[in-house]
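Participant: Numbered according to our numbering, the sequence shown terminates at residue 204, and the numbering increases by one at each position without gaps.
Where a beta carbon is used, it is the ideal one built from N, C-alpha and C, also for glycine.
None of these values were measured; they are calculated from a predicted model.
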Amino acid sequence: MVVYLILGATYAFAAAVQPGALQTYLISQTLSNGWRRTLPAALSPLISDGPIIVLVLLVLSRVPAGVQLVLQCVGGIFLLYLAADAWKTWRNYAGTVPEGIQSPRQSLLRAAVVNLLNPNPYLGWSLVLGPLLLKGWHETPAHGIALVAAFYLTMILTLAGIIMLFAAARNLGPRVSRALIGASAIGLACFGLYQLWSGTRGLW
1 MVVYLILGAT
11 YAFAAAVQPG
21 ALQTYLISQT
31 LSNGWRRTLP
41 AALSPLISDG
51 PIIVLVLLVL
61 SRVPAGVQLV
71 LQCVGGIFLL
81 YLAADAWKTW
91 RNYAGTVPEG
101 IQSPRQSLLR
111 AAVVNLLNPN
121 PYLGWSLVLG
131 PLLLKGWHET
141 PAHGIALVAA
151 FYLTMILTLA
161 GIIMLFAAAR
171 NLGPRVSRAL
181 IGASAIGLAC
191 FGLYQLWSGT
201 RGLW
């Protein structure tokens, strides 16, 4: 179970600190509305990911085990690609927030919509978390529950930390964010190598 807790937490941390639509939205909301109005938006993945998880698991549960192992290998390659992209972002990170983003009153629902329209959760659940969840669930349901619990707990806490970071220390925020992106690149690379090793071992 410890392995699934670590994998879920590692992928969640890496996904949460990566610059993207949801992160940009949260930062812009924090800078414009403050942390009190923005903090509930850290819970948005709990709302938006439900339909994505159901869709992905319905598809994956109907394919042979060999296909799931192939998807696991593809997911490992995808994670290595994200690691390389994160490393490039770390090298060129300027800490700027794009302008022109609207500040809606209902942060939680708007953030959920932003995340629902973001391709990253679909890719993450179909290539990485979905196959891993099915594998853990087939071993014992506790492994699957541990993976999901660790993923969302880490995701919410990391998003909340980003909100508080940019609210309390605007000058310090970009430097710390750059360090987090560098850490996420290492985490993604390690996770990707594990996925490739696990998938190829299963195929052989």
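By the DSSP assignment, the alpha helix (DSSP H) with W35 in it spans what residues?
Facilitator: W35 to T38
Participant: Where does the unbroken alpha helix (DSSP H) through T10 begin, and where does it stop?
Facilitator: V2 to V17
Participant: On the CB-based measure, 16 or more other CB atoms within 10 Å of its CB, does V3 come out buried or exposed?
Facilitator: With fewer than 16 other Cβ atoms within 10 Å, it is exposed.
Participant: Under a three-way DSSP split, which group does P121 fall into?
Facilitator: helix
Participant: Restricting to Cα atoms, I'd like to know which of R110, L134 and E139 is closest to Y25.
Facilitator: R110
Participant: Assuming contact is defined by CB atoms lying nearer than 7 Å, are T10 and F191 in contact in what I supplied?
Facilitator: yes
Participant: I'd like the span of the alpha helix (DSSP H) that includes V59, first residue to last.
Facilitator: Note, V59: alpha helix (DSSP H), S44 to L60.
Participant: I want to know whether the segment 78-86 touches the segment 142-159 - three or more CB-CB distances under 8 Å.
Facilitator: no
Participant: Distance, Cα to Cα, Y122 vs F78?
Facilitator: A direct Cα-Cα distance of roughly 13 Å separates Y122 from F78.
Participant: Our contact map puts T158 next to F13 with C-beta atoms below 8 Å; I'd like the distance itself, whole angstroms only.
Facilitator: Indeed, because the Cβ distance is near 5 Å, the residues count as touching under 8 Å.
Participant: Going by CA-CA distance only, name the one from G199, G76 and I162 that's closest to Q18.
Facilitator: I162
Participant: Alpha carbon to alpha carbon, how far is V114 from P131? Give it in angstroms, no decimals.
Facilitator: Between the C-alpha atoms of P131 and V114 there is a straight-line separation of about 25 Å.
Participant: Could you tell me if W204 is buried or exposed, where buried requires 16 or more neighbouring beta carbons within 10 angstroms of its beta carbon?
Facilitator: Result: exposed.
Participant: Would you give the residue range spanned by the alpha helix (DSSP H) that W204 belongs to?
Facilitator: Where W204 is concerned, there is no enclosing alpha helix (DSSP H), given that its DSSP letter is neither H nor E.
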